[in-house]
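Student:
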Amino acid sequence: MWRPALVRAGLLGGITKESDGSIWASWQDLTGERQRQKFATETQAVTAVARLASGGLKFHDLRHSYATWLVDDGVPVNMVQRVLGHERSSTTLDLYTRRTDGGDRMLDALRDDGDEEGGIGSLIAR
Numbered sequence: 001m002w003r004p005a006l007v008r009a010g011l012l013g014g015i016t017k018e019s020d021g022s023i024w025a026s027w028q029d030l031t032g033e034r035q036r037q038k039f040a041t042e043t044q045a046v047t048a049v050a051r052l053a054s055g056g057l058k059f060h061d062l063r064h065s066y067a068t069w070l071v072d073d074g075v076p077v078n079m080v081q082r083v084l085g086h087e088r089s090s091t092t093l094d095l096y097t098r099r100t101d102g103g104d105r106m107l108d109a110l111r112d113d114g115d116e117e118g119g120i121g122s123l124i125a126r
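Sequential numbering from 1 applies to the sequence shown in the UniProt record's numbering.
1. Could you give the distance in angstroms between the alpha-carbon of Met79 and the alpha-carbon of Leu12?
2. If we ignore side chains and look at the alpha-carbon of each, how far apart do residue 137 and Arg98 end up?
3. Taking the C-alpha atoms as reference points, what is the distance between His86 and Leu62?
4. Which full runs of the alpha helix (DSSP H) of 4+ residues lie inside the stretch 63–97, going along the chain?
5. For Lys17, tell me which candidate among Leu30, Ala40 and Ala50 has the shortest Cα-Cα distance.
6. Return helix, strand or coil for Ala25, following the three-state DSSP convention.
7. Based on Cα-Cα distance, which residue from Gly32, Val49 and Arg36 lies nearest to Arg8?
8. Count the other CB atoms, across all protein chains shown, that sit within 10 Å of the CB of Arg3; report buried if there are 16 or more and exposed otherwise.
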């Protein structure tokens with residue numbers, strides 16, 4: 001569902017723009033083999049990785065993201081601890097939060113501007 005956003009955020013496979021303008025996509029397939037392929041456009045590369053890469057986001061990963069966003073937005077750790085049901089705040093900080101280098105990076109990754117109409121990752125049917 002959100003696989004193209006995961007690719008753009010660097011959380012699923014990878015997209016590399018070479019100095020000559022070529023665009024390379026890399027991913028791990030279902031057998032665990034590393035794959036690499038050249039594409040004409042970034043949109044094609046993102047779509048291919050989203051379709052072919054194994055892994056991705058699991059439901060439990062959303063807890064980690066939620067905790068990180070709460071802490072980044074200034075919610076006191078003891079309140080985040082209560083929301084997640086942790087016995088100790090150290091569990092919340094050590095295992096469930098990651099400092100982000102910028103919330104804009106996450107928001108940019110979730111934008112589906114590059115998707116063609118009805119393409120993979122479109123959130124709203126057009």
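In this text, a Cβ means the ideal position worked out from N, Cα and C, and glycines have one as well.
Tutor: With the structure as the only source:
1. Between Met79 and Leu12, the C-alpha separation is close to 31 Å.
2. This structure does not reach residue 137, given that the chain is present from 1 up to 126, and the question cannot be answered.
3. 16 Å
4. Listed in chain order, they are 77–84 and 89–96.
5. Ala40
6. strand
7. Val49
8. Counting other Cβ atoms within 10 Å of its Cβ, Arg3 reaches 16 or more and is therefore classed as buried.
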